[in-house]
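Take a look at the structure below.
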Amino acid sequence: TTNNNNNNNNVSMAEEYQTALSLVEQGDAVQAVPRLRALQERLARAAVVSPRNETMEDVATRSIPFLSLEHELAKALTQLPMSSPGGQVEDRCRNLERSCDLWVAFFQTLEQMELVTKEQHAEYSALMELSSSTQQEDALSTTTTTTSMPPALLLSTSRDAKIARYNAKKQLQDEMAKYKALLERRARLGLEEEDMDGHDQESLERALNLKALEYAKQDAIEEWSNVVREIPMLQRMVQMKSQQQRQSDRFGGSSRPHHDSRGPPPSPNNNNNNKPLQVTRITQNPTNGQLIMKKEEIRAQVFRPGWNQPTMTLEELADREVAAALEREAHQTRAEATRKEQPRRYEFLVKDGLEDDDDLVDASAPLDRDWDDFKDENPKGSGNKRGDVGDRNF
């Protein structure tokens, strides 16, 4: 009975986990974060996975996806929108710092189970060191800039490392897609325990979960490296905001001294501040002499392209070209049919195979007589000066 209850509990937690992952993929991190946090507490109480006492061979196949829970929760925290309740810069910074802590726990768990390679260990150690330093240093300290990053982190954020990570993730996605296709095929055939293509149901599910865990490690390093770059910028924003607030309190609600006669700055809630600059051009109609005023929004015209924009789609152009080709073909067909019906000399009728057409033969008779008369009046070789006519000896 206890084993059945544990299995049912694991199934319910697995379903809840998949639901939360679907919310993360859909971009609904606001609902995914509470679900993942509650599931994290349930897993801790149930002790589904114990890295200190178990190896990877001891972990059940259905429990392997839970090893990436910290990564998925950290990823969901980074996707929380700024416009959500409490979504200010300070909260964004705290969420990112919490994500860093979760990634540390994620890699430490995998390291205890000997699932972290030497390269991954070097990258995650550098990221962990930088995360702890950014959380402790002052927001305006220059030690949080890119030049102070550890060499391993600089290597993990380089172009070659990103390309290698992208290729590795792409290969893992292809392998996971292959295993999923095999599982779907077994489900269609109704196979449960029988082997197919050298795999049974348990081995396929375990191989798929291990590939998904490897993909989560690659994704965690990439997301973590982006977060450690964002945290110093957010810290500077918080520092500048606090300085402006202290300066505003010092000068009685205004960020300028009292002797500044320009007045307080415009309110950020004023909608007129977001409108583009407008210019009114006044010209005169040369016909009737009336004034013409034209308002142009300069900001909308700044980034317009300097080349002519297309006036039709490729599909419309193809339709027009096909219609023009068909029209040319029809015109050529009509012209050839008209040319065949026109009278011409008999020798051309023979070439066209129309010597049996009585009407065309009768119409060619006067043309042949005219051609004979022309040849008699203009013998061959007469030319302009008639040099080739007659006997050359006289």
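Numbers 12 to 405, taken from my numbering, label the letters of the sequence shown in order.
C-beta atoms are modelled at their ideal positions from N, C-alpha and C, and glycine is treated no differently.
Following the continuous alpha helix (DSSP H) through residue 174, name the residue where it begins and the one where it ends. 170 to 200
Which two residues bound the contiguous alpha helix (DSSP H) that contains residue 90? Note, residue 90: premise wrong, no alpha helix (DSSP H); not H, not E.
Measuring straight from C-alpha to C-alpha, what distance separates residue 33 and residue 257? 44 Å
Cut-off 7 Å between Cβ atoms - residues of its own chain near residue 70, not counting five sequence neighbours on either side: 60
Could you pull the start and end residues of the alpha helix (DSSP H) that residue 126 belongs to? Segment: none, residue 126 is in no alpha helix (DSSP H) and carries neither H nor E.
Taking DSSP as the reference, what is the three-state secondary structure of residue 316? coil
Taking Cβ to Cβ, would you say residue 40 is nearer than 8 Å to residue 91? yes
What number of angstroms, rounded off, separates the C-alpha of residue 351 from the C-alpha of residue 362? 12 Å
What are the boundary residues of the alpha helix (DSSP H) that includes residue 326? 325 to 352
Nearest to residue 25 by alpha carbon, out of 339, 49, 129? 49
Taking the C-alpha atoms as reference points, what is the distance between residue 412 and residue 298? Residue 412 falls outside the range modelled here, since the chain spans only 12 to 405, and no answer is possible.
So, helix, strand or coil for residue 65, using DSSP? coil
What residue range is occupied by the uninterrupted alpha helix (DSSP H) comprising residue 99? No alpha helix (DSSP H) contains residue 99, which DSSP labels as neither H nor E.
What's the C-alpha gap between residue 57 and residue 35? 24 Å
Cα-Cα separation between residue 325 and residue 341, rounded to whole angstroms: 24 Å
Quick one, which of 385, 375, 78 has its alpha-carbon nearest residue 124's? 78
Is residue 222 near residue 187, with beta carbons less than 8 Å apart? yes
Closest Cα partner of residue 241 within the set 116, 364, 106, 202: 106
Give the DSSP-derived three-state secondary structure of residue 76 in the structure shown. helix
For the 8 Å Cβ check, are there 3 or more pairs between the segment 229 to 240 and the segment 104 to 120? yes
Following the continuous alpha helix (DSSP H) through residue 359, name the residue where it begins and the one where it ends. 357 to 362
Within a Cβ cutoff of 6 Å, which residues of the same chain sit near residue 232, ignoring the five residues on either side of it in sequence? 134
Starting from residue 384, follow the alpha helix (DSSP H) in both directions and report where the run begins and ends. 369 to 388
Looking only at its chain, what residues have a beta carbon closer than 7 Å to the beta carbon of residue 93, apart from the 5 residues adjacent to it on each side? 103
Test item: CB-CB of residue 190 and residue 219 under 8 Å: yes
Taking the Cβ atom as the reference point for each residue, do residue 357 and residue 387 lie within a distance shorter than 8 Å? no
Between which two residues does the alpha helix (DSSP H) harbouring residue 60 extend? Unbroken run through residue 60: none, as it is neither H nor E.
Does DSSP classify residue 321 as helix, strand or coil? coil
Presumed contact (8 Å Cβ cut-off) between residue 371 and residue 354, rounded CB distance: 6 Å
Measuring only the C-alpha atoms, how far is residue 11 from residue 249? Given a span of 12 to 405 for the chain in the structure shown, any question on residue 11 remains unanswerable.
Please classify residue 23 as buried or exposed, where buried requires at least 16 other C-beta atoms within 10 Å of its C-beta. exposed
Rounded to a whole number of angstroms, what is the C-alpha to C-alpha distance between residue 117 and residue 126? 11 Å
Mark residue 55 as exposed unless 16 or more other C-beta atoms lie within 10 angstroms of its C-beta, in which case mark it buried. exposed
Residue 37, DSSP secondary structure in three states: coil
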